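So the structure is just underneath, and the comments pick up after that.
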Amino acid sequence: MRNRNEPKLTSLSASLRARTVMIYVVVGLLALLSIFPFYYMFINSSYSSYHILKQMNLLPGTIKQLVMNIKSLSGHPEFNFAIGFENSLIISTAATFLSVYFSALTAYGIKVYQFKLRNAAFLFIMVVLMVPAQVSITGFVTEMMSMNLIGTKWPLIIPALAAPGTVFFIKQYLDSSLSLDIIEASRIDGANEFYTFNRICLPIMVPALATMAIFSYVANWNNFFTPSIILSRLQDKTLPLMVYGLYSDRFTDYGQVFAGLSISVLPLIVVYLFLQRFIIQGVSAGSVKE
C-alpha cells in the first residue's frame, strides 16, 4: 500500500534541496565579491600603467612586466619595503598583543568581579566605542607633542591598551563560555588571580582572542590616518604610508602602485591563514549550548 505521506515527504525534500542550493549560491557569490578585489589587485600588478588605465584586466599579465613593476618599486625614493615592513610588523604585533591581552583582562574583571560600578564601567566602555578616532585626534596629537613622542612608534602602540570593541567582544564570549564555578574552584585550590586568568581563562578565550587578533592586526597594519599625522620621516613610515607616497601629482605608475599594494597585503593573508582555524573553533564551540 502506498504511503499517503510520501508526496509530502518528497515535496519537503525537494524544498530543502532547493533551499540548500540557494544558500550555496548566495555564499558563493559573497565569497567571489570578497575575493575579487584581491584578485584584481594581484592581476594589475602584472600590467603596465598604460594597460591599467586603458581597460579592465581580468587575466594575468606577463611575468616580465611584474618583474619590471617590482624593480621600479624597489628603486622608488619613497618606498623601502624592508623599512616599511619592519615598522608595520613592530607596530601591528605590539599593538595587537596589548589590545588582545589587556582587553581580555578587562573583560575578565567585568565578568568575574561583582563590584557596584560593574554595569556603569561596561556602559562607559560602550560609550567610548561609539566615539570616532577623528573626534579626539587633535587632543591626542597635542598630548603626544607635549610628551615629545611625535615621530616615534609609541603613539601607535600604547593606545592599543584601551580597545573597547575588543573588550565588548570578549565579554560577550565569556558570558557564554566561562563558568564562574571554574574560577571558584581555582581560588579554593589556592591559585592567585593572575594564575587563574593566565592558566585557566586564557585557554578558554583562545577562539575569541584569535578572532580579535586578526581584526586588530589588520586594523593596525592598514592604519593610515593616525600614522600619517604622527610619522613623517621615511625610516619611520609604515607600508601603507609608503604606498601612498607612490602617488604623484605629475605621473603615477599604477603598475607600481598595485605591486606595492600586493606586497603590503601578503603578510595579512599569512596571518589570517594562520589564525582562521581558531575562528572556526570559536564558531563551532559557540554553536553548541551546554
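Everything in the sequence shown is counted per our numbering, starting at 1 for the first residue and increasing by one.
Note that CB positions come from ideal geometry on N, CA and C, so glycine has one too.
Here the structure is a predicted model, which means the values were calculated and not measured.
Distance, Cα to Cα, residue i vs residue j?
i: isoleucine 70; j: histidine 76; result: 10 Å
i: leucine 275; j: isoleucine 269; result: 10 Å
i: tyrosine 113; j: valine 131; result: 27 Å
i: lysine 54; j: arginine 17; result: 45 Å
i: leucine 105; j: leucine 180; result: 15 Å
i: valine 67; j: histidine 51; result: 16 Å
i: tyrosine 39; j: asparagine 222; result: 18 Å
i: serine 48; j: tyrosine 272; result: 30 Å
i: asparagine 192; j: phenylalanine 115; result: 19 Å
i: methionine 332; j: alanine 121; result: Only positions 1 to 290 of the chain appear in this structure, which leaves residue 332 out of reach.
i: arginine 187; j: asparagine 119; result: 24 Å
i: glutamine 65; j: aspartate 249; result: 24 Å
i: valine 206; j: phenylalanine 251; result: 48 Å
i: valine 127; j: serine 136; result: 14 Å
i: valine 141; j: glutamate 184; result: 44 Å
i: leucine 316; j: serine 146; result: There is no way to answer for residue 316, as the model of the chain reaches only from 1 to 290.
i: glycine 61; j: valine 25; result: 30 Å
i: phenylalanine 81; j: proline 267; result: 12 Å
i: valine 21; j: valine 27; result: 10 Å
i: alanine 162; j: lysine 237; result: 23 Å
i: tyrosine 101; j: methionine 212; result: 10 Å
i: serine 295; j: serine 176; result: This structure gives no information on residue 295, because the portion of the chain shown stretches from 1 to 290.
i: methionine 152; j: tyrosine 247; result: Residue identity differs from the one stated: residue 152 is threonine in this sequence, not methionine. The alpha-carbon atoms of threonine 152 and tyrosine 247 are separated by roughly 24 Å.
i: serine 287; j: arginine 277; result: At serine 287, the pLDDT of 43 sits below 50, so the modelled position is not reliable and the matter cannot be decided from this model.
i: leucine 202; j: proline 227; result: 31 Å
With 16 as the cutoff for other CB atoms within 10 Å, does residue i come out buried or exposed?
i: serine 34; result: exposed
i: asparagine 148; result: exposed
i: serine 232; result: exposed
i: proline 37; result: exposed
i: methionine 293; result: Missing from the structure shown is residue 293; the chain here goes from 1 to 290 and no further.
i: threonine 138; result: exposed
i: leucine 209; result: buried
i: serine 262; result: buried
i: arginine 19; result: exposed
Taking Cβ positions, are residue i and residue j nearer each other than 8 Å?
i: alanine 107; j: leucine 29; result: no
i: isoleucine 171; j: isoleucine 214; result: First, the residue type needs correcting, since residue 171 is lysine and not isoleucine in the sequence shown. Not a contact, by the Cβ cut-off of 8 Å.
i: phenylalanine 225; j: alanine 133; result: yes
i: isoleucine 204; j: leucine 178; result: yes
i: threonine 96; j: tyrosine 195; result: no
i: phenylalanine 169; j: leucine 129; result: no
i: proline 155; j: isoleucine 125; result: no
i: isoleucine 63; j: glutamine 235; result: no
i: glycine 190; j: phenylalanine 79; result: no
i: alanine 160; j: serine 99; result: yes
i: asparagine 198; j: serine 92; result: no
i: isoleucine 200; j: isoleucine 182; result: yes
i: threonine 166; j: serine 103; result: yes
i: leucine 73; j: glycine 260; result: yes
i: isoleucine 23; j: alanine 94; result: no
Under 7 Å: does the beta carbon of residue i sit that close to some heavy atom of the ligand SAH?
i: isoleucine 269; result: Among the components modelled here there is no ligand, and therefore nothing to report on the ligand SAH.
Stretch pair the segment 85-96 + the segment 237-251: three plus CB contacts closer than 8 Å:
They touch, by the three-pair rule.
Under 8 Å: do the segment 44-53 and the segment 250-257 share three or more Cβ pairs, one atom per stretch?
Judged by Cβ distances under 8 Å, the segment 44-53 makes contact with the segment 250-257, as three or more pairs qualify.
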